[in-house]
Amino acid sequence: RQYAFLQLRLLEVSHTGEMLAAELLSIMEEWKVVGDRRGILVRDNGSNMVKAARVAKISDLGCYIHTLQLVVGESLKTQKAVRDAIAIARGIVSHFRHSSKATAHLKRIQESLNSNRTDDVLDVTDQVHPAHRLIQDVPTRWNSTYYMLERLLEQKRAIGVYSQEADIKSLTANQWRFVDKVLNTLKPFEEQTKQASLASSHAGMIIPGVRLLERYLQRTKNPGDDAGIQTMRTEIYTDLHARFQHLMINKTCVVATVLDATYKLRFFDSNEKANARQIQLEVALKEIRTRRSKTARVTSATQCNSEQSDFDVVAADSDMKHGASSVLDDYWEDFDDQQQEHTAGFDSTTDEAICLKELDAYLAEPIQPRVTPPLDPIEYWKLNQRKYPILADCAQSFLATPASSVESERSFSSA
1 RQYAFLQLRL
11 LEVSHTGEML
21 AAELLSIMEE
31 WKVVGDRRGI
41 LVRDNGSNMV
51 KAARVAKISD
61 LGCYIHTLQL
71 VVGESLKTQK
81 AVRDAIAIAR
91 GIVSHFRHSS
101 KATAHLKRIQ
111 ESLNSNRTDD
121 VLDVTDQVHP
131 AHRLIQDVPT
141 RWNSTYYMLE
151 RLLEQKRAIG
161 VYSQEADIKS
171 LTANQWRFVD
181 KVLNTLKPFE
191 EQTKQASLAS
201 SHAGMIIPGV
211 RLLERYLQRT
221 KNPGDDAGIQ
231 TMRTEIYTDL
241 HARFQHLMIN
251 KTCVVATVLD
261 ATYKLRFFDS
271 NEKANARQIQ
281 LEVALKEIRT
291 RRSKTARVTS
301 ATQCNSEQSD
311 FDVVAADSDM
321 KHGASSVLDD
331 YWEDFDDQQQ
341 EHTAGFDSTT
351 DEAICLKELD
361 AYLAEPIQPR
371 VTPPLDPIEY
381 WKLNQRKYPI
391 LADCAQSFLA
401 TPASSVESER
411 SFSSA
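Oh and the sequence shown: position 178 is 178 in full-length UniProt numbering, straight run, nothing missing.
Here you go:
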């Protein structure tokens, strides 16, 4: 699995969908990313980016992390109790971030709490109150708010001691308990965000991830959950379900899920299983016919070259002797569909039987065990390429689609 930073452009005009589409097409043309090589555009959920993909006629997928950001971010804003707790938390962090004196005082308190522990109760190497700095959140990254609250909860005793000695508004006992429950509710979302940020993440993790989150939110409520937490869980579930309601008909996500040997069909219900299997079969049929089309083209070109060798032909341009590209090379793609339509009629029954046999054999195998962090499914297909050649080619295309745009953002940050 490889990533490449192709181009960075400064856009000094309004970022309309039409303008973004023109820029995307220009970049792809410059890099000769044409036809099936375009792959999938992983974008944020801005209306201009959605429109850009539609105008440019590029297959697209909403960034998983950005969509989770919208779901969780909205829930943090709608609950007054959550808003109030976060506002106080930000005030506490800001107090220390803007005062080296306050930070030094907090550190002394942390050290004092550690030195007062009893080693006969706790392991000598254990720090009850690590001397960690507080974390400032970034409103556009919900998980940064999660980490801010998590760190504050870790430093609850130290902050409590400090607030008794200095003029600073702290969280009440009820608010501390509420923050703890909010963190417990959002923990699975934090885990999904981290997993989607891995370099090995792919579009196939989205369906399982959403299904697991929905199941988590639907489970029996904890006895200690107050009305605010229950309302928060309900609102998150409703928004999550609404934003991902078309997931089961998204070909990219469905095929990538099926081709991840740790998932296959386990996250689809009975009706969805049949649909997912059919989508995978259609993709496999297209793959086998594309392979046949390319093989026929190469064979034809080889025969032409063999016949031409009988004649004393000298190229008019020396570049042609070295395999230089032709102006018309890019236009071959325009005729591929016609060729595929023709080759599809060769023996569609046999093609379907071949694909079905391979697909059924793959699905009949035991699901691969889960590990943490998850293994890159590409490694599975490297080992099983000869066993399932058609599906392996499909995997190469569909598992290349990342679950998020994190790699693009990382490249941008380091550019």
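Every residue, glycine too, gets a C-beta built ideally from N, C-alpha and C.
Can you round the beta-carbon distance between Cys253 and Ile207 to whole angstroms, since I take them to be within the 8 Å contact cut? Translated into positions along the sequence shown, residue 253 becomes position 253. Translated into positions along the sequence shown, residue 207 becomes position 207. Cys253 to Ile207, Cβ: 5 Å. Contact.
Environment of Ile86 [buried if 16+ CB atoms lie within 10 Å]: For the purposes of this step, residue 86 is taken as the residue at position 86 of the sequence shown. A residue is called buried when at least 16 other Cβ atoms come within 10 angstroms of its Cβ; Ile86 meets this threshold and is buried.
Beta-carbon spacing of His105, Glu165 below 9 Å: Reading the sequence shown from its first residue, position 105 is the one you call residue 105. Reading the sequence shown from its first residue, position 165 is the one you call residue 165. In this structure, Glu165 lies closer than 9 Å to His105 by Cβ.
Val82 vs Ile236 beta-carbon contact at 9 Å: If you number the sequence shown from 1, residue 82 lands on position 82. If you number the sequence shown from 1, residue 236 lands on position 236. No, Cβ-Cβ distance for Val82 and Ile236 is not below 9 Å.
In terms of alpha-carbon separation, which member of Leu113, Gly91, His66 lies closest to Asn45? Taking the first residue of the sequence shown as 1, we reach residue 45 at position 45. If you compare the alpha carbons of Leu113, Gly91, His66 with that of Asn45, the shortest gap goes to His66.
Cα-Cα separation, Ile40 to Lys273: Taking the first residue of the sequence shown as 1, we reach residue 40 at position 40. Taking the first residue of the sequence shown as 1, we reach residue 273 at position 273. Approximately 24 Å between the Cα atoms of the pair.
Would you kindly work out how many angstroms separate the C-alpha atoms of Asn143 and Lys294, rounded to a whole number? The count along the sequence shown starts at 1 and reaches residue 143 at position 143. The count along the sequence shown starts at 1 and reaches residue 294 at position 294. Here the C-alpha atom of Asn143 lies approximately 47 Å from the C-alpha atom of Lys294.
Which residue marks the beginning of the beta strand (DSSP E) containing Gly62, and which one marks its end? Along the sequence shown, one-based indexing puts residue 62 at 62. From DSSP, the beta strand (DSSP E) with Gly62 extends over 60-62.
For chain D, find out if any of its Cβ atoms is closer than 9 Å to the Cβ of Lys156; answer yes or no. Checking the listed chains, one finds no chain D in this structure; it contains a single protein chain.
Presumed contact (8 Å Cβ cut-off) between Asp225 and Lys187, rounded CB distance: Locating residue 225 in the sequence shown gives position 225, counting from the first residue. Locating residue 187 in the sequence shown gives position 187, counting from the first residue. The Cβ separation is near 14 Å, so there is no contact.
Measuring only the C-alpha atoms, how far is Leu265 from Lys101? Numbered from its first residue, the sequence shown carries residue 265 at position 265. Numbered from its first residue, the sequence shown carries residue 101 at position 101. Going by the C-alpha atoms only, they are around 57 Å apart.
Anyone know if the C-beta pair for Phe398 and Gly204 falls short of 9 Å? Within the sequence shown, residue 398 is the residue found at index 398, counting from 1. Within the sequence shown, residue 204 is the residue found at index 204, counting from 1. Yes, they are a contact pair.
Check whether the stretch 13-33 and the stretch 52-67 touch, using three or more Cβ-Cβ pairs below 8 Å as the test. Touching, yes, given that three or more Cβ pairs across the two stretches are closer than 8 Å.
Just how far apart, CA to CA, sit Ala400 and Arg90? Within the sequence shown, the letter at position 400 stands for residue 400. Within the sequence shown, the letter at position 90 stands for residue 90. CA-CA distance, Ala400 to Arg90, rounds to 39 Å.
Backbone CA spacing between Leu240 and Thr350 [nearest angstrom]: Position 240 of the sequence shown holds residue 240. Position 350 of the sequence shown holds residue 350. Leu240 and Thr350: Cα-Cα distance of roughly 42 Å.
Run through DSSP, which three-state label would Arg108 get? The residue you call residue 108 lines up with position 108 of the sequence shown. The three-state reading of DSSP puts Arg108 in helix, counting H, G and I together.
Determine which residues share a DSSP beta bridge with Arg43 and list them. Sequence index remark: in the sequence shown, residue 43 carries index 43 (1-based). Answer by DSSP bridge pairing, in chain order: Gly62.
Within the chosen definition, does the stretch 160-179 reach the stretch 187-197 through at least 3 CB pairs nearer than 8 Å? Taking 8 Å as the limit for Cβ pairs, the verdict is that the stretch 187-197 does not touch the stretch 160-179.
With DSSP as the reference, label Leu359 as helix, strand or coil. Here the question's residue 359 lines up with position 359 in the sequence shown. Under the three-state reduction of DSSP output, Leu359 falls in the helix class.
Buried or exposed, going by whether 16 or more other CB atoms sit within 10 Å of the CB of Asp137? By one-based count along the sequence shown, residue 137 stands at place 137. By the neighbour-count rule (16 or more Cβ atoms within 10 Å), Asp137 is buried.
Select from Ile354, His15, Pro369, His246 the residue whose C-alpha is nearest the C-alpha of Asp260. Reading the sequence shown from its first residue, position 260 is the one you call residue 260. Distances from the alpha-carbon of Asp260 to those of Ile354, His15, Pro369, His246 put Pro369 closest.
Compare the C-alpha of Leu61 against each of Gln385, Ala256, Gly160, Ala276 and name the closest. Start at 1 with the first residue of the sequence shown, and residue 61 comes out as number 61. Closest by C-alpha distance to Leu61, out of Gln385, Ala256, Gly160, Ala276, is Ala256.
Using the Cα positions of Asn384 and Thr140, report the straight-line distance between them to the nearest angstrom. Position 384 of the sequence shown, counted from the first residue, corresponds to residue 384. Position 140 of the sequence shown, counted from the first residue, corresponds to residue 140. Going from the Cα of Asn384 to the Cα of Thr140 covers about 42 Å.
Can you give me the C-alpha to C-alpha distance between Ser411 and Gln7, rounded to a whole angstrom? Residue 411 sits at position 411 when you count from the first residue of the sequence shown. Residue 7 sits at position 7 when you count from the first residue of the sequence shown. Rounded to the nearest angstrom, the two C-alpha atoms are 10 Å apart.
Please name the residue, chosen from Val283, Thr238, Ser200, Lys57, that lies closest to Tyr216 on a Cα-to-Cα basis. The count along the sequence shown starts at 1 and reaches residue 216 at position 216. For the residues Val283, Thr238, Ser200, Lys57, the minimum Cα distance to Tyr216 belongs to Thr238.
So for Lys101, helix, strand or coil by DSSP? The residue given as residue 101 occupies position 101 in the sequence shown. DSSP places Lys101 in helix when its eight states are reduced to three.
When DSSP labels each residue in this structure, what does Glu365 get in the three-state scheme? For the purposes of this step, residue 365 is taken as residue 365 along the sequence shown, with counting starting at 1. Here DSSP, grouped into helix, strand and coil, assigns Glu365 to coil.
What first and last residue would you give for the alpha helix (DSSP H) that runs through Arg151? Position 151 of the sequence shown, counting from 1, holds the residue named residue 151. Looking at the DSSP string, the run of the alpha helix (DSSP H) that includes Arg151 is 142-154.
Could you work out which residue in Met248, Ala284, Ser163 is closest to Asn275 when comparing CA atoms only? Translated into the one-based positions of the sequence shown, residue 275 becomes position 275. For the set Met248, Ala284, Ser163, the Cα lying nearest the Cα of Asn275 is the one of Met248.
Quick one: complete alpha helix (DSSP H) runs, 4+ long, within the stretch 201-249? Taken in chain order, the complete alpha helix (DSSP H) segments of 4 or more residues contained in the stretch 201-249 are 206-218, 227-243.
Cβ of Ile58 within 9 Å of Cβ of Arg38? In the sequence shown, the residue the question calls residue 58 occupies position 58. In the sequence shown, the residue the question calls residue 38 occupies position 38. It is a contact, given that the beta carbons lie within the stated cut-off.
Can you list, in chain order, the residues of its chain whose CB lies under 7 Å from that of Ala131, leaving out five sequence neighbours each side? Position 131 of the sequence shown, counting from 1, holds the residue named residue 131. Short of 7 Å from the beta carbon of Ala131, and not among the five residues preceding or following it, lie these beta carbons of its own chain, in chain order: Lys107, Gln110, Glu111.
Considering only the beta carbon of each residue, do Pro389 and Glu358 sit closer than 9 Å? Residue mapping note: residue 389 aligns to position 389 of the sequence shown, counting from 1. Residue mapping note: residue 358 aligns to position 358 of the sequence shown, counting from 1. In this structure, the beta-carbon distance from Pro389 to Glu358 falls below 9 Å.
Which of helix, strand or coil DSSP assigns to Pro188: The count along the sequence shown starts at 1 and reaches residue 188 at position 188. Helix, per DSSP.
Using CA coordinates, which residue listed in Glu352, Leu113, Ser94 is at the minimum distance from Glu282? If you number the sequence shown from 1, residue 282 lands on position 282. Selected option, being the one with the closest Cα: Glu352.
Assuming Ala392 contacts Trp381 (C-beta within less than 8 Å), just tell me the rounded distance between them. Start at 1 with the first residue of the sequence shown, and residue 392 comes out as number 392. Start at 1 with the first residue of the sequence shown, and residue 381 comes out as number 381. Yes, Ala392 and Trp381 are in contact; Cβ-Cβ is about 5 Å, under 8 Å.
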